[in-house]
Amino acid sequence: MSPAEVLRRGVRAWLFGMPAPEVVRLTSALTAAGVAVAVAGGWGVDALLGAGRRRHLDLDLLVEAELMPAALAALAPLGYGVHRADAPGGWWAPVVQVLRNSRSRTVELIVMTPDGWAALATRAASGDLGPRTVLGRLQGRDVSCLAPAWQLAAHAGYPPRRRDRRDLDTLRRLVSP
13 MSPAEVLRRG VRAWLFGMPA PEVVRLTSAL TAAGVAVAVA GGWGVDALLG AGRRRHLDLD
73 LLVEAELMPA ALAALAPLGY GVHRADAPGG WWAPVVQVLR NSRSRTVELI VMTPDGWAAL
133 ATRAASGDLG PRTVLGRLQG RDVSCLAPAW QLAAHAGYPP RRRDRRDLDT LRRLVSP
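First residue of the sequence shown? That's 13 in the working numbering, and the numbers climb one at a time after it.
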């Protein structure tokens, strides 16, 4: 990443980033609406550690495909609308819906299907990844997170950026203390 891109992303995170109280507000609203989600990505790692370590550009949430309409309905009253309905995802979750609010805070709803879960399981370095989700903590509240071994499997398909490398090192320590 060029120095200009690093600066641009840093400014964007500072101005429009996703703060921890907003993560808790969104996950609480989804849970209250009966939508099971798993926090992934940077916020997922921070929740597994029990505290925010850095600013985050967005919030990555894994949502089962059949729960997407309910997830969208739960987030709409909080000011989040679809910014991009068919954003390209990764090798294990090819469809992502990007939501934004009026403050340009971004939520990426990663649409999970049985094929996506199977793809993640086959990419794992070890055979058994264990449970898909575990509890993490943010702002003193429990949040469901993609388990460390599953997060490591999700990162296996692309070259890591610098912040990804830090997250990967953290996840490896959580998997093999």
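Virtual Cβ for every residue (Gly too), placed ideally from N, Cα, C. From a predicted model like this one, the values you see are computed outputs, not experimental measurements.
Of the listed residues the options, nearest to residue i (C-alpha basis)
{"i": "residue 95", "options": "81, 86, 117, 68", "result": "117"}
{"i": "residue 140", "options": "130, 148, 147, 149", "result": "130"}
{"i": "residue 182", "options": "106, 145, 57", "result": "57"}
{"i": "residue 124", "options": "150, 109, 184", "result": "109"}
{"i": "residue 67", "options": "34, 42, 48, 93", "result": "34"}
{"i": "residue 127", "options": "165, 106, 184, 113", "result": "106"}
{"i": "residue 74", "options": "142, 38, 93", "result": "38"}
{"i": "residue 93", "options": "46, 121, 77", "result": "121"}
{"i": "residue 179", "options": "55, 77, 31", "result": "55"}
Counted within 10 angstroms of its Cβ, other Cβ atoms place residue i as buried (16 or more) or exposed
{"i": "residue 156", "result": "buried"}
{"i": "residue 87", "result": "buried"}
{"i": "residue 19", "result": "Caution is warranted here: a pLDDT of 49 is assigned to residue 19, below 50, making its placement in the model unreliable, and the coordinate value is therefore given only provisionally. Exposed, since its Cβ has fewer than 16 Cβ neighbours within 10 Å."}
{"i": "residue 53", "result": "buried"}
{"i": "residue 148", "result": "buried"}
{"i": "residue 134", "result": "exposed"}
{"i": "residue 44", "result": "exposed"}
{"i": "residue 190", "result": "The chain is shown only over 13 to 189; residue 190 falls outside these bounds and no answer can be derived."}
{"i": "residue 214", "result": "With the chain covering 13 to 189 only, the question about residue 214 has no answer from this structure."}
{"i": "residue 29", "result": "buried"}
{"i": "residue 154", "result": "exposed"}
{"i": "residue 164", "result": "buried"}
Start-to-end residues for the beta strand (DSSP E) that takes in residue i
{"i": "residue 118", "result": "118–124"}
{"i": "residue 98", "result": "93–100"}
{"i": "residue 149", "result": "145–150"}
{"i": "residue 112", "result": "107–112"}
DSSP-derived helix/strand/coil call for residue i
{"i": "residue 68", "result": "coil"}
{"i": "residue 47", "result": "coil"}
{"i": "residue 158", "result": "strand"}
{"i": "residue 175", "result": "helix"}
{"i": "residue 19", "result": "The pLDDT assigned to residue 19 is 49, lower than 50, so where the model puts this residue is not dependable; a value taken from the coordinates is nonetheless given after this. The answer is helix: DSSP assigns residue 19 an H, G or I state."}
{"i": "residue 141", "result": "coil"}
{"i": "residue 153", "result": "strand"}
{"i": "residue 30", "result": "coil"}
{"i": "residue 25", "result": "In this prediction, residue 25 has a pLDDT of 49, which is less than 50 and means its spatial position is unreliable; what the coordinates show is noted afterwards. In this structure, residue 25 counts as helix in the three-state DSSP scheme."}
Start and end residues, alpha helix (DSSP H) containing residue i
{"i": "residue 85", "result": "80–87"}
{"i": "residue 53", "result": "53–61"}
Min CB distance residue i to chain D below 8 angstroms
{"i": "residue 106", "result": "Checking the listed chains, one finds no chain D in this structure; it contains a single protein chain."}
Validate contact between the segment 86–104 and the segment 53–64 using beta carbons, cut 8 angstroms, 3 pairs: Fewer than three beta-carbon pairs drawn from the segment 86–104 and the segment 53–64 are found closer than 8 angstroms, and the two stretches are therefore not classed as touching.
The segment 173–180 / the segment 74–86 touching (three or more Cβ pairs under 8 angstroms): Touching, no.
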